[in-house]
Amino acid sequence: MEQLLAPSLPVLLESCLPCARGNAHVNRTRMMLPSLRHYFVVGSHHPFSWRSILQTYGRKENQIRSWSAQCSGNYDGASVSEEINVPKKLTLPDNSLLDAHILYCTSPALGHHKDAHPESNKRVPAIVEALDKLELSRKHRGSQVLEIQNFEPASVDDVARVHSRSYITGLKKAMSRASDEGLILIEGTGPTYATETTFKESLLSAGAGITLVDSVVAASKLGPNPPLAFALIRPPGHHAVPEGPMGFCVFGNIAVAARYAQHQHGLKRVMIIDFDVHHGNGTCDAFYDDPDIFFLSTHQ
Numbered sequence: 013m014e015q016l017l018a019p020s021l022p023v024l025l026e027s028c029l030p031c032a033r034g035n036a037h038v039n040r041t042r043m044m045l046p047s048l049r050h051y052f053v054v055g056s057h058h059p060f061s062w063r064s065i066l067q068t069y070g071r072k073e074n075q076i077r078s079w080s081a082q083c084s085g086n087y088d089g090a091s092v093s094e095e096i097n098v099p100k101k102l103t104l105p106d107n108s109l110l111d112a113h114i115l116y117c118t119s120p121a122l123g124h125h126k127d128a129h130p131e132s133n134k135r136v137p138a139i140v141e142a143l144d145k146l147e148l149s150r151k152h153r154g155s156q157v158l159e160i161q162n163f164e165p166a167s168v169d170d171v172a173r174v175h176s177r178s179y180i181t182g183l184k185k186a187m188s189r190a191s192d193e194g195l196i197l198i199e200g201t202g203p204t205y206a207t208e209t210t211f212k213e214s215l216l217s218a219g220a221g222i223t224l225v226d227s228v229v230a231a232s233k234l235g236p237n238p239p240l241a242f243a244l245i246r247p248p249g250h251h252a253v254p255e256g257p258m259g260f261c262v263f264g265n266i267a268v269a270a271r272y273a274q275h276q277h278g279l280k281r282v283m284i285i286d287f288d289v290h291h292g293n294g295t296c297d298a299f300y301d302d303p304d305i306f307f308l309s310t311h312q
C-alpha cells in the first residue's frame with residue numbers, strides 16, 4: 013500500500029502480493045477484505061525530518077537480471093526519447109474535488125490473467141465488491157467518494173523515469189509472442205507472466221497513479237484539506253526493479269507516480285510506506301540513491 017503528499021511531504025502507501033499463510037492478523041484482514049493489498053493513497057502529511065534514517069536502511073544486493081539480457085538487443089529505434097512533460101488533463105470540476113474525501117481509480121487489467129495464479133484478474137473485482145459490502149463505496153458515501161474514470165495511461169517516458177528503456181521496449185516487443193502463445197513468462201522461469209494485453213494494461217495502471225497525483229495536487233490548491241486518493245490497480249509493482257519484472261510485478265506503479273510528482277509538480281520530498289508480507293525491493297532500488305524520496309517497508 014502507498015500514499016503521496018501534495019503540499020509538503022508526499023506519502024505513498026502500497027501493498028502488493030497475496031499474504032503468506034500463518035500470519036493471524038493478516039489473515040483476519042483478508043477475511044474481511046479479500047485481496048486488498050495493492051493500492052496507494054495520496055494525501056497530506058506534516059513535514060518532518062527523516063534524512064538520518066536513510067543511513068540505517070539496508071539494501072538487498074542480489075537481484076534477478078535475466079530480463080536485462082533479453083532486452084539487450086537492438087530494437088530498430090523502438091526506444092522513445094524524453095518528451096517535454098505536459099500536465100495530464102483533469103476534467104473534474106472544482107466542487108467535486110472539494111466535496112470528496114476519497115478519490116479512486118480502478119484498473120483491473122482483465123486481460124492480464126493466468127488461471128489458478130494468485131495474481132489473477134479476480135483481485136480488483138473482489139476488492140470493489142468487498143468495499144461495497146463494507147459500505148465504503150460511492151453508493152453508500154455519496155459525494156464523499158469520487159471515482160475518476162477514463163483516465164489516460166502513463167506514457168513510456170513516465171515509466172522510463174523508473175525503468176530502463178531496454179526493459180520497456182523489450183516488454184512491448186514481447187507482446188507479439190504473448191499474442192501467439194497466449195501467455196509467456198517474463199521473469200526468467202517465472203513467476204511473472206504476461207499476456208498480449210499486459211503492456212497496455214500496465215501503462216493504464218501506472219496512469220491511474222499519475223491521474224490521482226494530479227488530482228490531489230489540484231485539490232490541495234483549492235483548500236486546506238485535499239482528499240486522499242486510492243488506486244486499485246494491477247499488475248502490482250513493488251517488486252519490479254528498474255531493469256525488469258519480478259515477483260508478479262511489471263511496472264513500479266508507485267515509483268512512477270512518485271517520479272511524476274517530482275518532475276511535473278516539483279514536490280521536494282516524498283515518503284513511500286510499503287506494508288506487505290514481502291519487502292518492496294523494486295521500489296527501494298528505484299530510489300536508493302535519491303535523498304528526496306524516503307522508502308519505508310514494514311515487511312516480515
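Its first residue numbered 13, the sequence shown is counted upward by one per residue in the working numbering. Where a beta carbon is used, it is the ideal one built from N, C-alpha and C, also for glycine.
Nearest-angstrom Cα separation, counted from S214 out to I305: 23 Å
Unbroken alpha helix (DSSP H) run spanning Y179, endpoints: R177 to E193
Using 8 Å as the Cβ pair cut-off and three pairs as the minimum, do the region 144-152 and the region 234-253 touch? no
Expressed to the nearest angstrom, what Euclidean distance is found between the alpha-carbon atoms of C261 and P247? 6 Å
Answer with buried or exposed for G278, where buried requires no fewer than 16 other C-beta atoms within 10 angstroms of its C-beta. exposed
Y300, buried or exposed, once every other Cβ within 10 Å from all chains shown has been counted against 16: exposed
Three-way DSSP call (helix, strand, coil) for S232 in this model: helix
Going by beta carbon distance, what residues of the same chain come within less than 7 Å of L216, once the five residues before and after it are set aside? S119 and P165
Distance between I222 and D297 (C-alpha atoms, nearest Å): 20 Å
Would you tell me roughly how many angstroms separate the C-alpha atoms of S155 and I266, rounded to the nearest one? 26 Å
Please go through the same chain and pick out, in chain order, the residues whose beta-carbon is closer than 7 Å to the beta-carbon of R189, but skip the five residues on each side of it. I196
For L240, name the three-state secondary structure that DSSP assigns. strand
Whole-Å CB distance - H125 paired with T204, under 8 Å assumed: With 8 Å as the limit, H125 and T204 do not qualify as a contact, their Cβ atoms being about 13 Å apart.
Could you pull the start and end residues of the alpha helix (DSSP H) that D297 belongs to? N293 to F299
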